[in-house]
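**Q**
In full-length UniProt numbering, the protein residues as written are 1 to 168.
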């Protein structure tokens, strides 16, 4: 049993108009400059939806992201998917990769945690050719304030590491 066929049109919480399946109108996302509003990656003829009058494009996978997630970065709260940063300057710094963002993010209002959608969806374990014996685990390390261009706020760095299992 395969993936269900994409709908002809959908509604998305972040946009006031219906979004139409781009496969019904291949010219809608054929421009090499068209990017997904959620992940910021090029559409590249992947299944997507568009509002042509607004030049709003979203990958099918991005349109299906949950509006709330549990994430190891904040074990005490759910993170909410927001369409724009909650900060006056209109940008956020991703607490996983340390890079700035100006669009969709997973956000915790209680803790001030912000994650790019791509960073929030990184796998918790990966296999890498440089370490074939066992999987690497996603870990988060805090840098002191002022590190990694974060100003006065502590910054976190996400990385995949070998975390040996302890035997009991």
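For glycine and all other residues, C-beta sits at the position ideal for the given N, C-alpha and C.
Just so you know, these numbers come straight off a predicted model, no measurement behind them.
Please name the residue, chosen from 14, 124, 64 and 37, that lies closest to residue 71 on a Cα-to-Cα basis.
**A** The candidate whose alpha carbon is nearest that of residue 71 is 124.
**Q** Just mark residue 109 as buried or exposed, buried being the case when its beta carbon has 16 or more other beta carbons within 10 Å.
**A** So residue 109 counts as exposed.
**Q** If residue 38 and residue 117 are in contact, beta carbons under 8 Å, what's the gap, nearest whole angstrom?
**A** At roughly 6 Å, the Cβ-Cβ gap stays under 8 Å, so residue 38 and residue 117 are in contact.
**Q** Would you grab the beta carbon distance between residue 136 and residue 160 for me? Rounded to a whole angstrom, and I think it's under 8 Å.
**A** Contact holds; Cβ gap of about 4 Å.
**Q** Going by Cα to Cα distance, which pick from 127, 82 and 132 is closest to residue 120?
**A** With distances taken between Cα atoms, residue 120 lies closest to 82.
**Q** At 4 residues or longer, what runs of the alpha helix (DSSP H) sit wholly inside the stretch 87-150?
**A** Counting only runs of 4 or more, we get 117-120.
**Q** Does the structure place the stretch 46-56 close enough to the stretch 93-104 that three or more beta carbon pairs sit under 8 Å?
**A** Touching, no.
**Q** Would you mind sorting residue 8 into buried or exposed? The rule is 16 or more other CB atoms within 10 Å of its CB.
**A** Counting Cβ neighbours within 10 Å, residue 8 comes out exposed, since fewer than 16 surround it.
**Q** Cα separation between residue 17 and residue 63?
**A** Residue 17 and residue 63: Cα-Cα distance of roughly 14 Å.
**Q** Relative to the C-alpha of residue 79, which candidate in 88, 57 and 114 has its C-alpha closest?
**A** Of the listed residues, the one whose Cα sits closest to residue 79 is 114.
**Q** Helix, strand or coil: how does DSSP classify residue 60 here?
**A** Residue 60 falls in the helix class under three-state DSSP.
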